[in-house]
Each structure stands twice: as C-alpha cells, then as structure tokens.
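Residue numbering for the sequence shown follows our numbering, starting at 5 and increasing by one per position.
Structure, as structure tokens:
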Amino acid sequence: MTLFSPVAPDGAAGQAAALRAPVSVQNAPLNTGWFDDQPFDQASSEGTEILACLTLFNEPAEAVAATLACLAANQAVLLSRNGPIQRLEVAIVLDGRDRVHPETEALFNRLGFDLDWGCDPEAAGIGQHGADEAQVRVQTRLIPMDLLTGVSGNPLRVHLAVKDRNRGKLDSHAFFFRSLAERLRPDFVLQIDAGSRPAADCLPALLAQMEREPDCAALATNIVMEDAALTDWLQSWQQADFLWQKLSDWPIGNGLGYLEVVPGQASLFRMSAMRRGANGDPLAAYLRGLSRPKSLMEANLFLAEDRIIGAEIVKSHPACTICYHHDANLVTDGCATVGELLRQRRRWTNSTLVARLVAIGSLADLLWHGRLPPARWCSMALALAWTLLQLLEQWFIPASLALLVSLTSGVWQDEAGQSLAWGMAAGVLLFWLYCLASMKAREGKRSLSRRLHGCLHGLGLGILLACTVLGFAICLVEVGPVIQGVILMVALILGMAVLHHSSRRMSDLLRLFVIYIPSAPVASFYLLSYALANFHDVSWGTKGLVNDSRTAIPAGWRQMRLRLLTLWVVSNTGLVWLVVGIVPGGAISVLQYACLPVVGQIALASLLLISACYRKPNLPFTKIRDRADSVPHLHR
C-alpha cells in the first residue's frame, strides 16, 4: 500500500524536515494505492491487540534482528499462557529509503520485503493543495518464528512502512499513529527502539499490570545495560546511571502515578488514552512538534518525545496514571565514546529541563482547574512539588559542587581556611566559566585546539573529583552524629535496594558505590554544562545526526541561549556568595541541611522499590543475549 502525506519544506536548525500535517486523521485524509500482494487491511479484520512501533533510521541489522527476535519470543510467551491478550503485530517505519543500512536492507530482503517495491519517483511531489508530499509504502509479511529465533512457533506479522525521504523520528511516529494505528485499531501500542531487547516475559508482565490497573495509561520498562567489565569505566558508569534512576527517582514518580518520562527504548501505551479526552488531545499536542519550532525552548522540548507524551496524557485524562514495572526487564546499548555520551545527554538534559518547566505549568493548571478527586489531587500536588524539587536540584548543580569543593579548606582550622574556602569556590566557578566558553572549541575541527581544551577539561575535572571526595569526607566528619547515622542508614537501604532489584548484585554494588556516587557531582556538573552551553543545538546528537557548525543559528536563538546562560551563572554565583560570605557556618551548615531532601528522596525511593519487590518477588531475569545470539543466521 502506498500513502501520501503533506510535508514541510526541509527544516531549519540542522534537523531533518518534519511532516507538517493536521494532527487528526479526520482533518487529513490520506490517498492510498495498493501495491502489496498481502493486503494491509487483512490484519485489521482479524483484530490487532498489541501493535509494536519500531522506528528505524540507519541502525545496523544486528540491532533490528535482535529486537524482532525478542518480540517474537514475547509473542510465544503470550500464546503459551492463553491470556486474554495474545495477538502481537509489529509495524516498522523506515525513515528514508536512502538512509537504510546496507546490512539492514539485506535482512529485510531475507524476511521477504522489497524496499523498492511500489516505488514511483514521480508520485511524490506537489499535492493538490500545494503542499509537498512524501511517499510511504507499506508491505505486510508473516515472518516464520524459526527465522527470527531458531525455534518453531507461530509466525510474527510485520508491517514495513518505507518513507521515501528522511523526515525525523517524530514524523515516523506521526505516520504510525495517524495512519497505521488508525487502520489496525490496536488496544495497546508498544513503542520500542531498534537494539532494545525485552526479556521474553517483558510484554506479558506489562499487560498483566495494565489488566490489574485499568487507569494505567502508560508503563515504562526496567531498562538495563549489558554487563560490562568493571574496568570499562564508561560502560560501568552508564550501567550505574540507569540503575541509579530506578533506585532514586522512578519509584517516587511511580508511587504518585506520574512518571515524568515514558522511555522510547520500550514502553507500553493504552491506545484509548492516546485519544481525545475532556481536557484535550494528547496525540495532537504531541505532534505539534511537526511544525517549525516557534522558539529555542520549543525546539528543545520536542527533542523529548518520551517526556511530552506522558504529560499530555495526564493533562487530557487526569484520572490516568503513568507508571513503571520493575520486573519488565529490557536490555539496551550504551554510548561507545565520551563524545557520543555528551551529545546524547545534551539532548536528554536540555529537553528534560524544558519539559519540567512545561510540566510545572501544566500540573499547576490541572490542580487549579482539573476538578480532580481528592486522592488524585493530592498525588498531583506531590508530583508538582517533586518536579519542582528535581528542577531546582538540576539548576543549582554548579553551586552545590563549588560549595562541596570549598569544604576541603576545613583541613586548615584557622583564618587561612576561611580565605581558602573563598578561593576554592571561586576557582570552581572560574573553571565552570572556562568550560562554558570552550565547549565549542573542544569539539572544533582544529586538532590542536581540540586536544588542548580536552586535556584542560580532563585535568580540571580530575582535580574537582579529588576535591569533591575529600570535601564529602570532611563533611561527614564535621556533621553531627545524628546526620552521620541518617546517611549510614540511607546507604544501607540503598545497598539493600540494589541487592533486591539488580540481577548483577555485587558488581552493581561496586559500580554504584565505587564508580558512580563518588563521581556523580562532577559528572552531572560537566554533562549539564555541556548541555546548556550547546542549548542552541537541537540536532539528535547520535546515529550521525549532529549539528552542522556551518549552519546559521537564528539571532533569536542566540539571544535566548545567552540569556539562559547568564541567568544560570548569576543565580549559581549568587548562591555561592550568599552561603560562603553571609550564612553563619558557611557551606558546611548549608550542605548538611540541603542534603536532607536528597537523602530523604533516595531513602524513600529505595524503600518503595524494596517494598514492591517484596509484594511481587522478582522473576528470574531472562537471558536475552542467549536469544539474541540465535539471530546471526539472518545476516548470512
């Protein structure tokens, strides 16, 4: 089947152009022509229960094959349990015929697809309404189970939609929801990335919770990384970062029924919650990002598609909850280089910052005008407070680091120590300003300049790390025995949570307490500084989608970035000056009380996770790599 959709001219700011189309299917009927020998609508007549959305750009065949194999294994488990929901179909949206990886194209050919089938170069052009039209061709195949997993079983129905041009991930989601999902009418939608490998019981676990909780609109999976050697510090740090998120953040959002992120790696949505509600249309709000951004803030906001959709669902359907299933395990890949990690976290950080600002306004409006039941009103009020606390913690990371480093002056118990505290705090702030000013040069094309700034950044971060660890040790010694006991108790609770939650117990304990926690203040400081210094960069950052330095940045965006950085620097510098120079007791007295909300957050989240593990014991972690290893015959 071939579909035509009106699209915008090629976009600005280094991004792929996006589908500029009305956000409801009723307002934008799509022209169709049949080219596939297996009728696409045959599937809808049989009733689709779960439709998986797999968007592709230039991912390698190994990633695609592993994800398909794991989805086929999930379908086999669904069928074996004879539950009320068994039927899984997969819709793959390929974002640009010319962008597909050669090995991935060979994989699709072996699965029975022809990426050039029905291609008509003259079909896409200027439509009857004067809009540019993009051609999308859809083929449907029944893929034998043994071809995917090496084990016989029911075939997996796969729909492959090939877009003739690259239009961006949000455009692929628009086509999926506005066309494929509208035709197949699934009850649930599983959004998943290529390379994500869900355990065989992941989807059944998600569906079981959806059945138990009819108000649950979306469920996040428990995302982990493949086990890496402890000596591989980059992979170990990323593994611990994923784990830390599940220990200190997600359990609180889950308990409040408002998880602020519905990860794109894999999440399950109730399709009825995606439709228009009393307070708005979540899908329409989500697809606003298809239009040219009106401001730099909006451009960064729509880089966080997994943070927008959950907030819009709750805004449109206030009774709905966004939750997390700690037993629905899924393995994902980490970044292979520091540069890739910086670019990935730049996109995540900037979009999170803007999404939290928008969420605070949306939640406040919902509390004021939403007419919520008392229990839901209280949970949303706490969610608003929780979002605001996270935003403040994120914003004042540089000031917190400067104050922590200034504690190393406590080695000298005299007036020289007080002067040294000022000097060390000022040194951190000056290094911070240097980092903000040199981030662009650090990634420039001049090899000597790039290496020089990279070495200076690394040297400065190493000194900061040593001072941070020493400052934290001094802080523990200087505070009273009550706070020392509280911190020790929280550390024990955190360790118990790791042992209950993680399948790699001792290695994850070492990653968390030896690698991640000591480096977290410095790592968070640098990642945040890199992100806000590049706030004008709204490229994807990974998969080769990086911003072209020759692309002109709109003047309004430059001014917005400058105002943001100025406000950030002034507010953090002012806080440091206030604490060190005016507050009695200085940094030590402020930090011991300022850390209480953070310590309380960690303790509460860990206790919630432990209690969830006791209420429903962890299922054995399915060895996904074993299933993925059965796939390589697809690439021969």
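C-beta: ideal position from N, C-alpha, C; glycine also.
- [ ] Using the Cα positions of Asp205 and Ala95, report the straight-line distance between them to the nearest angstrom.
- [x] Residue numbering aside, residue 205 sits at position 201 when the sequence shown is read from its first letter. Residue numbering aside, residue 95 sits at position 91 when the sequence shown is read from its first letter. Going by the C-alpha atoms only, they are around 20 angstroms apart.
Task: Any 3 or more C-beta pairs closer than 8 angstroms across the stretch 298-312 and the stretch 357-364 - done: yes
Open item on the list: Taking the straight line between their C-alpha atoms, what separation do you get for Leu152 and Ala76?
Closed with: Taking the sequence shown and counting its residues from 1, one reaches residue 152 at position 148. Taking the sequence shown and counting its residues from 1, one reaches residue 76 at position 72. Spanning the two alpha carbons is a distance of roughly 7 angstroms.
Task: Where Cys339 sits in the DSSP three-state scheme - done: Indexing the sequence shown from 1 puts residue 339 at position 335. In this structure, Cys339 counts as coil in the three-state DSSP scheme.
- [ ] Verify whether the separation of the beta carbon atoms of Ala110 and Ala65 is less than 8 angstroms.
- [x] By one-based count along the sequence shown, residue 110 stands at place 106. By one-based count along the sequence shown, residue 65 stands at place 61. A contact, by the Cβ cut-off of 8 angstroms.
Task: Rounded straight-line distance, which links the Cα of Trp561 to that of Ser299 - done: In the sequence shown, counting from the first residue as 1, residue 299 sits at position 295. In the sequence shown, counting from the first residue as 1, residue 561 sits at position 557. Going by C-alpha positions, Ser299 is about 7 angstroms away from Trp561.
Task: Ser320: first and last residue of the uninterrupted alpha helix (DSSP H) it sits in - done: Working through the sequence shown from its first residue, we reach residue 320 at position 316. Run containing Ser320: Glu309 to Ser320, per the alpha helix (DSSP H) assignment.
Task: Where the beta strand (DSSP E) containing Asn226 begins and where it ends - done: The residue you call residue 226 lines up with position 222 of the sequence shown. Run containing Asn226: Cys220 to Met229, per the beta strand (DSSP E) assignment.
Task: Close beta carbons around Leu514, own chain, < 7 angstroms, minus the five adjacent residues each side - done: Counting from 1 along the sequence shown, the entry for residue 514 is found at position 510. Closer than 7 angstroms at the Cβ level, and outside the excluded window around Leu514, lie Leu234.
- [ ] Spatial neighbours of Trp426 within its chain, please: CB distance less than 7 angstroms, with the 5 preceding and 5 following residues excluded, ordered by chain position.
- [x] On the sequence shown, residue 426 is found 422 positions in, with the first residue counted as 1. Result list for Trp426: Val584, in chain order.
Task: Asp236, DSSP secondary structure in three states - done: Within the sequence shown, the letter at position 232 stands for residue 236. Of the three classes helix, strand and coil, the one that applies to Asp236 here is coil, per DSSP.
Open item on the list: I'd like to know if Arg274 contacts chain B, where contact means its C-beta is closer than 8 angstroms to some C-beta of that chain.
Closed with: Here there is only one protein chain, and chain B is not present.
Task: alpha helix (DSSP H) segment containing Val573, residue limits - done: Taking the sequence shown and counting its residues from 1, the one referred to as residue 573 is at position 569. Taken as a continuous stretch (DSSP letters only), the alpha helix (DSSP H) holding Val573 covers Ala559 to Gly585.
Open item on the list: Classify Ile586: buried if its beta carbon has 16 or more other beta carbons within 10 angstroms, exposed otherwise.
Closed with: What you label residue 586 is simply residue 582 of the sequence shown in a count that begins at 1. When all chains shown are included, Ile586 counts as exposed.
Open item on the list: Would Thr391 and Glu217 be called neighbours here (beta carbons separated by less than 8 angstroms)?
Closed with: As a first step, residue 391 is located in the sequence shown; it is residue number 387 there, counting from the start. As a first step, residue 217 is located in the sequence shown; it is residue number 213 there, counting from the start. Not in contact: Thr391 and Glu217 (Cβ atoms no closer than 8 angstroms).
Open item on the list: Within 10 Å of its beta-carbon, does Ala559 have 16 or more other beta-carbons around it, so buried, or fewer, so exposed?
Closed with: Residue 559 sits at position 555 when you count from the first residue of the sequence shown. Exposed, by the Cβ-count rule.
TODO: Below 7 angstroms CB to CB, which residues in the same chain sit around Arg145 once its five sequence neighbours on both sides are set aside?
DONE: Within the sequence shown, numbered from 1, the residue matching residue 145 stands at position 141. Excluding residues within five positions, the ones whose Cβ falls inside 7 angstroms are Gln42, Leu115, Gly116, Phe117 and Val162.
- [ ] Report the residue from Leu207, Pro202 and Asn62 whose alpha carbon sits nearest the alpha carbon of Leu82.
- [x] Position 78 of the sequence shown, counted from the first residue, corresponds to residue 82. Looking at the Cα atoms, Leu207 is the closest of the given residues.
Open item on the list: Applying the 10 Å Cβ sphere with the 16-neighbour rule, what's the burial state of Asp369?
Closed with: Numbered from its first residue, the sequence shown carries residue 369 at position 365. By the neighbour-count rule (16 or more Cβ atoms within 10 Å), Asp369 is not buried but exposed.
TODO: Specify, as a first and last residue, the run of the beta strand (DSSP E) that Ser271 falls within.
DONE: Numbered from 1 along the sequence shown, position 267 holds the residue referred to as residue 271. It spans Ala270 to Arg274 - the beta strand (DSSP E) in which Ser271 sits, taken as one unbroken run.
Task: C-beta contact flag for Leu371 and Thr472 at 8 angstroms - done: Looking up residue 371 in the sequence shown gives position 367. Looking up residue 472 in the sequence shown gives position 468. No, they are not a contact pair.
- [ ] Reducing DSSP to helix, strand and coil, say where Thr52 ends up.
- [x] Taking the first residue of the sequence shown as position 1, residue 52 is located at position 48. DSSP places Thr52 in coil when its eight states are reduced to three.
Open item on the list: Only counting the same chain, and skipping five residues up and downstream in sequence, which positions put a Cβ closer than 6 angstroms to that of Gly259?
Closed with: In the sequence shown, counting from the first residue as 1, residue 259 sits at position 255. Counting only Cβ-Cβ distances below 6 angstroms, and skipping sequence neighbours, we find Leu612.
TODO: Give me the Cα-Cα distance between Leu536 and Val481, rounded to the nearest whole angstrom.
DONE: Indexing the sequence shown from 1 puts residue 536 at position 532. Indexing the sequence shown from 1 puts residue 481 at position 477. Roughly 35 angstroms separates the two Cα atoms.
Open item on the list: Does the structure place the stretch 269-276 close enough to the stretch 214-228 that three or more beta carbon pairs sit under 8 angstroms?
Closed with: yes
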